[in-house]
Ligand code: ASN
Ligand code: ZN
Ligand code: CA
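In mature numbering (1 follows the signal peptide of the UniProt record, and there is no 0), the protein residues as written are 162 to 501.
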């Protein structure tokens, strides 16, 4: 007999967080029946560990689901292998709830079925990825980077799944930049949605696992990293997709928050425009609705930045009308990043 039980986890980045667990006999599994049975496994520093998962009674190709005799997981440090699992499970919980609450979407696949997480992947692996089925998280290098299980990364990786199951933006050229940008946008919106007291919302990507606190990218001024593009040019599509994403990230920041200096949850943000214009933000709530509708209704696998302008204008028109402040702001924010 399987039962849902409320438990808790002591995470690396979010403090103590609630978890929904599956009770099976005298054991509790990090597997959430309230969110499509999403679960988290320890891949034990391998890249694909084949072991029998006795608690599930199945052969489990990726490693054992975190489980234990009580409802508390992890101790908040790397001395417990469970702690990174707690972050990953919490990240999929928050991302699931974000999509459900804001867009009525039932999981990555919109079928109500969850996915799963693998943590402790490989050694010194400073990355995380979505592979069509699941999320995988490295532990970082231990020196400059910790495990990549922060909320913004969890939201980023799950959103690759959402994109794959909607617009399916091709992962190269300008469509690849838009694919990456979509993941940075929704990963960031998940961080704000979660309202976790320790991992508060900002437009930095990866600030929790980067020990400098700066993160890998920033959306207000993407070019601050020396690699990302702030402004569209005809050659932007030849950049790595994690840098051509800068144009979309910059657009989204301007649309939501506006140009100029702004402190958000204690973090200084300052967004320049490419044409010297000033842009007034419409707020995150409407901005995320516009991007989600553009992604799921108007964008296709070959959408480029010009197409994204049209897609978001169409979405804003559907949601708020062609004479709305939101519609006008979408046009202004794109023009401010040279997508005219
Ligand atoms: N962490 C990277 C990403 O999600 C992995 C990749 O290069 N696809 O973008
Ligand atoms: Zn990505
Ligand atoms: Ca962040």
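Beta carbons: idealized from backbone N, C-alpha and C, even for Gly.
Just so we're clear, the structure is a prediction, and the values are computed from it rather than from any experiment.
| the region 278 to 288 contacting the region 236 to 249, beta-carbon criterion three pairs below 8 Å | yes
| Any heavy atom of ligand 1 closer than 8 Å to the CB of residue 290? | yes
| message | DSSP three-state label for residue 497, please. | response | helix
| task | Return the Cβ separation of residue 313 and residue 346 in integer angstroms, given the expectation that the two are a contact with Cβ distance under 8 Å. | result | Contact doesn't hold; Cβ gap of about 10 Å is too wide.
| task | Check whether the region 330 to 350 touches the region 399 to 414, taking contact to mean three or more Cβ pairs, one atom from each stretch, closer than 8 Å. | result | yes
| said: Is residue 364 close to ligand 3? I mean its beta-carbon at under 8 Å from any heavy atom of the ligand. | reply: yes
| Rounded straight-line distance, which links the Cα of residue 171 to that of residue 177 | 4 Å
| said: Is any non-hydrogen atom of ligand 3 found closer than 8 Å to the C-beta of residue 369, if you look at the structure I gave you? | reply: yes
| request: Return the first residue and the last residue of the beta strand (DSSP E) that residue 393 is part of. | output: Residue 393 -> no beta strand (DSSP E), and no H or E assigned at all.
| query | Ends of the beta strand (DSSP E) at residue 277? | reply | 277 to 282
| What is the DSSP secondary structure of residue 464, counted as helix, strand or coil? | coil
| Looking at the structure shown, is residue 486 part of a helix, part of a strand, or coil, going by DSSP? | helix
| message | Quick check: residue 146 and residue 476, are their CB atoms within less than 9 Å of each other? | response | Given a span of 162 to 501 for the chain in the structure shown, any question on residue 146 remains unanswerable.
| said: I need the straight-line Cα distance from residue 199 to residue 489, nearest angstrom please. | reply: 40 Å
| query | Can you give the Cα-Cα distance for residue 220 and residue 383, rounded to whole angstroms? | reply | The predicted position of residue 220 is uncertain, since its pLDDT is 47 and thus under 50; a value taken from the coordinates is nonetheless stated next. Cα to Cα, the separation comes out at about 44 Å.
| request: Give me the Cβ distance between residue 448 and residue 413, rounded to the nearest whole Å; I'm assuming they're in contact under 8 Å. | output: 6 Å
| Roughly how far, in whole angstroms, is the beta-carbon of residue 316 from the beta-carbon of residue 352, given that I think they are within contact range, below 8 Å? | 7 Å
| Rounded straight-line distance, which links the Cα of residue 208 to that of residue 423 | 42 Å
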